[in-house]
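J.:
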Amino acid sequence: MREIGSRSGYSRALTAHHYGDKEGLLVAMIDQIVVNIRTARLAHSQARPGLESVLDIVHFTLGRDPAQVRTLQAFHAILAERRNTEGAVAEALERMTNESTTHVEAELRIGMEAGEIRSDLDPAVEAIAIIGAMRGVSAQLIGASHDRAEAVRHAFVGIIERGLRHGMK
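So for the sequence shown, full-length UniProt numbering puts the first residue at 1; every next one is plus one.
#1: How many angstroms separate the CA atom of R50 from the CA atom of R135?
#2: Between the C-alpha atoms of D147 and G20, what's the straight-line distance to the nearest angstrom?
#3: Let me make sure I understand the geometry here. Which of I117, A106, A133 has the alpha-carbon closest to that of A124?
#4: Under DSSP, the alpha helix (DSSP H) around S138 begins and ends at which residues?
#5: Kindly indicate which residue of R153, R162, R165 has the alpha-carbon position closest to the one of V58.
#6: Whole angstroms are fine: how far does the CA of T101 sit from the CA of A127?
#7: In chain order, what residues of the same chain lie with their CB nearer than 8 Å to the CB of R109, ignoring the 5 residues before and after it?
#8: Over what stretch of residues does the alpha helix (DSSP H) that includes E23 continue unbroken?
#9: At the level of alpha carbons, what is the spacing between A151 and G158?
#10: Please list the terminal residues of the continuous alpha helix (DSSP H) segment that includes L108.
#11: Whole angstroms are fine: how far does the CA of F60 sit from the CA of R38?
#12: Can you name the start and end residues of the alpha helix (DSSP H) that G158 belongs to?
#13: Near E23, which residues of its chain fall below 7 Å by C-beta distance, leaving aside the five closest residues on each side in sequence?
#14: Identify whether R83 lies in helix, strand or coil by the three-state DSSP scheme.
#15: Helix, strand or coil for S53, going by three-state DSSP, please let me know.
#16: Nearest-angstrom Cα distance between D120 and E81?
#17: Considering only their Cβ atoms, is the gap separating L62 from V137 smaller than 8 Å?
#18: What is the rounded straight-line gap between the Cα of G5 and the Cα of L93?
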């Protein structure tokens, strides 16, 4: 913690004072990432609830806003910590995942009720698959050129849309 404080230009003890330990710092980072992403997406989105909102979430998440690049890098670095940790960091990551999947699941249900999304889907399962796939694709886009990232984003949004609409029942 002292090294983190020192490298960031603050008192070496200040970081430890505010966060206690590395776990406390990571939990604070996770919470801030969630707030930053949610705030940016809500400021950007004008999507209607349902299918349009699900596609907007995917589009935004895979976007190339320079302000979000550092957030994306931090997010994936923290996700990598998940394999090596239990306790508060694991709980914060689980909370973040649950909030994300619950939100997407609710949007899927709205879309199903409106007849925009196939009725034979399990919204809870689809939400987990969508969130997981987005995380994987976004990790692949770290360091990608703008053109490549845009092409992948366009393709992935299309894949999700076709999968949710295909053979409407």
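A virtual CB, placed ideally from N, CA and C, is assigned to each residue, including glycine.
T.: Based on what the coordinates show:
#1: Looking at the sequence provided, one finds Gly at residue 50 rather than Arg. Spanning the two alpha carbons is a distance of roughly 21 Å.
#2: 42 Å
#3: A106
#4: 123-141
#5: R153
#6: 5 Å
#7: P123
#8: 22-44
#9: 11 Å
#10: 87-113
#11: 10 Å
#12: 146-165
#13: G87, A88, V89
#14: helix
#15: helix
#16: 36 Å
#17: yes
#18: Low per-residue confidence applies at G5: pLDDT is 49, beneath 50, and the placement is therefore not dependable enough to give any value.
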